[in-house]
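Chemist:
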Amino acid sequence: MSLETVEYVKKAEEKAAKLELDSISEIKSIKAEVQVVIEGNKKKLSSELKDYEDIQQKEYDEKITSIKEEINKVITVEVEKMKQSVQMNKKNVVNDIVKEVVNRYGNS
Numbered sequence: 022m023s024l025e026t027v028e029y030v031k032k033a034e035e036k037a038a039k040l041e042l043d044s045i046s047e048i049k050s051i052k053a054e055v056q057v058v059i060e061g062n063k064k065k066l067s068s069e070l071k072d073y074e075d076i077q078q079k080e081y082d083e084k085i086t087s088i089k090e091e092i093n094k095v096i097t098v099e100v101e102k103m104k105q106s107v108q109m110n111k112k113n114v115v116n117d118i119v120k121e122v123v124n125r126y127g128n129s
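Residue numbers (the numbering used here): 22 to 129.
1. Which class does G127 belong to by DSSP, given the choice of helix, strand or coil?
2. Using the C-alpha atoms, what's the distance from K31 back to V57?
3. How big is the Cα-Cα spacing for D72 and A37?
4. G127 to T86, Cα distance in whole Å?
5. DSSP state of S23, grouped into three classes?
6. When the Cα atoms are used, what is the spatial distance from E34 to V27?
Pasting the structure below:
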């Protein structure tokens, strides 16, 4: 082999070794960048999930409140109906007692 060939091979080997080191360094750099992106995406996803959960909880709370209000309205109406029924029954009982007294003892 000539001296030029030896020198050329030496330079080629050095260049290959440098390329290998550079590629290892580049791979590490890319891995680090990917990890940063992954962490950023995890944080973003976590934040979006928290926001979604908060919205869902708010909607759930609003529905529960609405249902409770509706139930309270129904209960109020039913209680009022019961009160009126009790009052009517009281009047009917009093009227029935008066009729019975009049029937038994006359109009004296």
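C-beta atoms are modelled at their ideal positions from N, C-alpha and C, and glycine is treated no differently.
Model, not experiment: these values are computed from the prediction.
Modeler: Taking the geometry as given:
1. The residue you call residue 127 lines up with position 106 of the sequence shown. DSSP places G127 in coil when its eight states are reduced to three.
2. Position 36 of the sequence shown, counted from the start, is the residue given in the question as residue 57. Position 10 of the sequence shown, counted from the start, is the residue given in the question as residue 31. If you draw a straight line from the Cα of V57 to the Cα of K31, it is about 39 Å long.
3. As a working note, residue 72 is residue 51 in the sequence shown. As a working note, residue 37 is residue 16 in the sequence shown. When rounded, the distance between both Cα atoms is 51 Å.
4. As a first step, residue 127 must be located in the sequence shown, where it is residue number 106. As a first step, residue 86 must be located in the sequence shown, where it is residue number 65. The straight-line gap from Cα to Cα measures roughly 60 Å.
5. Taking the first residue of the sequence shown as position 1, residue 23 is located at position 2. It is coil, neither helix nor strand.
6. Here residue 34 is taken as the residue at index 13 of the sequence shown, counted from 1. Here residue 27 is taken as the residue at index 6 of the sequence shown, counted from 1. In a straight line, the C-alpha of E34 is about 10 Å away from that of V27.
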